[in-house]
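Last residue of the sequence shown: 590 (our numbering), numbering continuous. A virtual CB, placed ideally from N, CA and C, is assigned to each residue, including glycine. Keep in mind the model is a prediction, meaning the values are calculated, not measured.
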Amino acid sequence: MKEKYRIEREKRLRADGSTQYRDLSGVYEDFDRDPYVEPGFTRPAVTEKIDVLIVGGGFGGLLAGARLRQAGVTSLRIIEKGGDFGGTWYWNRYPGAACDVESYIYLPLLEETGYMPTEKYAKAPEIFAHCQRIARQFDLYKGAMFQTLVQTMDWNEDTQRWNVTTDRGDKLAARFVITAGGILHKAKLPGIPGVETFKGHSFHTSRWDYAYTGGGPYGGLNKLADKRVGIIGTGATAVQAIPHLGASARQLYVFQRTPSGIGLRNNQPTDPEWVKTLKPGWQQERIRNFTAIVSGQQMDVDLVRDGWTYIFQDTDSCRAKTAEEAAELRQLADFRKMEEIRARVDAIVKDPVTAEALKPYYYQMCKRPCFHDEYLDTFNRPNVKLVDTEGQGVERITPTGVVVNGKEYEVDCLIYASGFEVTGDYTRRLGFDIRGRGGKSLRESWAHGAATLHGMHGRGYPNLLMLSGTQSGWAINFVHILDEQSQHAAYIIERCLKSGIETIEPSERAQQQWWEVILGSLQKGGVSFGGSECTPGYYNNEGAKADPNDVRNAPYGGGTLGFIDILRDWRKGDDLAGLEVTRGTASPTP
Ligand code: NDP
């Protein structure tokens, strides 16, 4: 099986690695248009002094805003590209979209807002509504600047503030800036020749065109009844959308490069009797329990009990006497679980050739595991055809269709489920540069990798707090880490505002020490995603050789809870250790 995995990986390796993709700019700019707002929005430009500016209105920005409000911060603005809060849940409205980390641990602030999701895996509209609920409850609509992009961000030594300009002519002078730009927010297209020549209708899944397909996020795509539809990609997004496309389109072609592993979903409505048993503090307990299990810790109870925790259940390797034996037992358990995934395909998909093509041959965490109860069955429909590209990808797009292996499949509509740009390069993810002391560009300072304290502060960039995975925490339930980072940022800002601290900035020594902590944690190894034996994907930079800068940009490797404990212990010290502080006359902006 190891040899089979190796062969499958080799088939997919390509010289252009992650540069094979195209971003939604230039000739592809139209793909990036926001279909959820009325065109032509205008508003007067804002010129203002504020205490805190948050860039990004997804879960990161919402949590930072909520935690700042709890800390008593009133002078606050949030800049967001979309037309509302929600981030990924604003953009991803494709049919079937739902969370696949359990909603009771994924939707933040459930106890604070008094909300209980209706299902174990809530659907996108419910999650988007929860984002709006958080924004309302914590008064974040006040000061929100939607459909707005930051253009420049410069530290002003005279005022000791960040000067921020936007594409709507705003000029903000903020004492503190929190960047919460997300990790998967820049949609990408595959670099297939001919994308721009297609004459039918096409769009990216994160800009779903319901005006064309009919229906909505719950399905019922009635306008596709007479259409031939193609979808490129079979990742977590496609897996959720394909059952609805299969149910509605006259003909559906699914163009596959690498199959996803599809585990059991087992969604259920929320049991009101269970809700009655919950005691205050239940959500944090459940969140921590899940994170511990998926970080490889053995726990007495598994509160969530789903496909994710099943992947990480490991009853064998704890019996091992040596590290080598433990590694071998872990690998055997991985083979066994992937064999179950493959057996599930055989049990559901009737055509043996299609079934074989849908089987993933790689380790469990090489690609994002998927969980779905209708995806595989969709391939039993007579109107659905899997076009397997044997790991090579689509050859060409023509004005009328898609070419694979020299054969053209004619389609009226072509949907790109081709994912989002993922890069360890933080400044590229941000989309704008930050100029700190002396006009020093963050892009240039970090050209050979990041230098931070806790992944949140950078020397030369006072009063900037970054929420990201770079040299910071990482979690399967990413909202867990965002909340911890938000609480951390709110604690620091509250302290500064209340005690007359004008600037904070990490010392050189603190950054060096943090880097040593990161290195040490990586050397110990833990649960890893997308190793070098993995099939290419965004988990392992498309299988390319590791760039030495990537190590500098890596997250803390000592586990999610380990990172959270570092932040919590630091706050307990209550001395802003490692941060150089200047005091001034500044008082909170009225
Ligand atoms: P992915 O990057 O996971 O998938 C992109 C797909 O496009 C892959 O199947 C890829 O194949 C395929 N592809 C790329 N280029 C070509 C080509 N030239 N020809 C044919 N196929 C091609 O994007 P997704 O949007 O599916 O998911 C991104 C992430 O978003 C997930 O990993 C997950 O973290 C998150 N997500 C979470 C969800 C949830 O919680 N419910 C739902 C959806 C997404 P290959 O695999 O060979 O590269």
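C-beta contact flag for residue i and residue j at 9 Å
{"i": "phenylalanine 632", "j": "valine 479", "result": "Only positions 1 to 590 of the chain appear in the structure, and residue 632 is not among them; the question remains open."}
{"i": "arginine 396", "j": "valine 403", "result": "yes"}
{"i": "tyrosine 461", "j": "leucine 189", "result": "no"}
{"i": "glycine 233", "j": "phenylalanine 255", "result": "yes"}
{"i": "glutamine 485", "j": "leucine 497", "result": "no"}
{"i": "isoleucine 231", "j": "leucine 68", "result": "no"}
{"i": "lysine 186", "j": "glycine 431", "result": "yes"}
{"i": "tyrosine 539", "j": "cysteine 366", "result": "yes"}
{"i": "valine 422", "j": "isoleucine 54", "result": "no"}
{"i": "serine 18", "j": "asparagine 380", "result": "no"}
{"i": "lysine 223", "j": "glycine 216", "result": "no"}
{"i": "asparagine 289", "j": "lysine 120", "result": "no"}
{"i": "tyrosine 573", "j": "serine 521", "result": "The question names tyrosine, but residue 573 is glycine in the sequence shown. Going by C-beta atoms, glycine 573 is not nearer than 9 Å to serine 521."}
{"i": "aspartate 32", "j": "glycine 191", "result": "no"}
{"i": "isoleucine 481", "j": "phenylalanine 563", "result": "yes"}
{"i": "proline 117", "j": "arginine 93", "result": "no"}
{"i": "arginine 14", "j": "glutamine 20", "result": "yes"}
{"i": "asparagine 477", "j": "isoleucine 348", "result": "no"}
{"i": "threonine 582", "j": "isoleucine 501", "result": "yes"}
{"i": "glutamate 664", "j": "alanine 66", "result": "Beyond the ends of the chain as shown, which are 1 and 590, falls residue 664; an answer cannot be given."}
{"i": "alanine 174", "j": "arginine 43", "result": "no"}
{"i": "aspartate 302", "j": "glutamine 284", "result": "no"}
{"i": "leucine 358", "j": "proline 272", "result": "no"}
{"i": "arginine 9", "j": "threonine 535", "result": "yes"}
{"i": "proline 555", "j": "glycine 458", "result": "no"}
{"i": "serine 248", "j": "alanine 225", "result": "yes"}
{"i": "valine 46", "j": "methionine 145", "result": "yes"}
{"i": "glycine 87", "j": "glycine 61", "result": "yes"}
{"i": "glycine 391", "j": "arginine 257", "result": "yes"}
Environment of residue i [buried if 16+ CB atoms lie within 10 Å]
{"i": "phenylalanine 41", "result": "exposed"}
{"i": "proline 26", "result": "The question names proline, but residue 26 in the sequence shown is glycine. The residue is exposed, with fewer than 16 neighbouring Cβ atoms inside 10 Å."}
{"i": "cysteine 318", "result": "exposed"}
{"i": "histidine 204", "result": "buried"}
{"i": "valine 177", "result": "buried"}
{"i": "valine 275", "result": "exposed"}
{"i": "asparagine 553", "result": "buried"}
{"i": "proline 269", "result": "exposed"}
{"i": "alanine 475", "result": "buried"}
{"i": "threonine 179", "result": "buried"}
{"i": "proline 95", "result": "buried"}
{"i": "alanine 450", "result": "buried"}
{"i": "valine 411", "result": "buried"}
{"i": "lysine 123", "result": "buried"}
{"i": "arginine 336", "result": "exposed"}
{"i": "aspartate 483", "result": "buried"}
{"i": "asparagine 463", "result": "buried"}
{"i": "methionine 338", "result": "buried"}
{"i": "histidine 244", "result": "buried"}
{"i": "isoleucine 596", "result": "Missing from the structure shown is residue 596; the chain here goes from 1 to 590 and no further."}
{"i": "arginine 22", "result": "buried"}
{"i": "isoleucine 7", "result": "exposed"}
{"i": "aspartate 575", "result": "exposed"}
{"i": "proline 352", "result": "exposed"}
{"i": "proline 382", "result": "exposed"}
Cβ-heavy atom distance, residue i to the ligand FAD, below 8 Å
{"i": "leucine 184", "result": "Looking at this structure, you won't find the ligand FAD anywhere; what it does contain is the ligand NDP."}
Should the stretch 118-136 be called in touch with the stretch 276-290, which here means at least 3 C-beta pairs below 8 Å?
no
Pick out the complete beta strand (DSSP E) segments inside the stretch 214-292, 3 residues or longer, and give them in chain order.
228-232, 251-256
Give, in chain order, every unbroken run of the beta strand (DSSP E) that is at least 3 residues long and sits entirely within the stretch 62-124.
The DSSP assignment places complete beta strand (DSSP E) segments of no fewer than 3 residues inside the stretch 62-124 at 76-79, in order along the chain.
Does the stretch 372-385 come close enough to the stretch 333-352 to have 3 or more Cβ pairs within less than 8 Å?
yes
Can we say the stretch 154-166 touches the stretch 28-44, given the rule of at least three CB pairs closer than 8 Å?
no
Is there contact between the stretch 505-521 and the stretch 139-156, where contact requires at least three CB pairs shorter than 8 Å?
Short answer: they don't touch.
Check whether the stretch 96-111 and the stretch 70-77 are in contact - that is, three or more C-beta pairs closer than 8 Å.
no
Pairing CB atoms from the stretch 145-152 with CB atoms from the stretch 290-300, are three or more of them under 8 Å?
Not touching, per the Cβ criterion.
Does the stretch 439-457 touch the stretch 505-512, meaning 3 or more C-beta pairs lie closer than 8 Å?
yes
Unbroken stretches of the beta strand (DSSP E), 3 residues or longer, contained in the stretch 377-422:
384-388, 401-404, 407-410, 413-416
Within the stretch 141-228, note down every full beta strand (DSSP E) run reaching 3 residues or more, in order along the chain.
150-156, 161-166, 171-179, 188-190, 201-204
Unbroken beta strand (DSSP E) runs of length 3 or more, entirely within the stretch 23-66: which are they?
Annotation: the stretch 23-66 contains the following complete segments of the beta strand (DSSP E) (minimum length 3 residues), in chain order: 47-55.
In the stretch 444-479, which residue ranges form an unbroken beta strand (DSSP E) of at least 3 residues, counting only runs that do not cross its ends?
464-466
4 or more residues per run - each alpha helix (DSSP H) lying fully within the stretch 495-558:
508-524, 548-552
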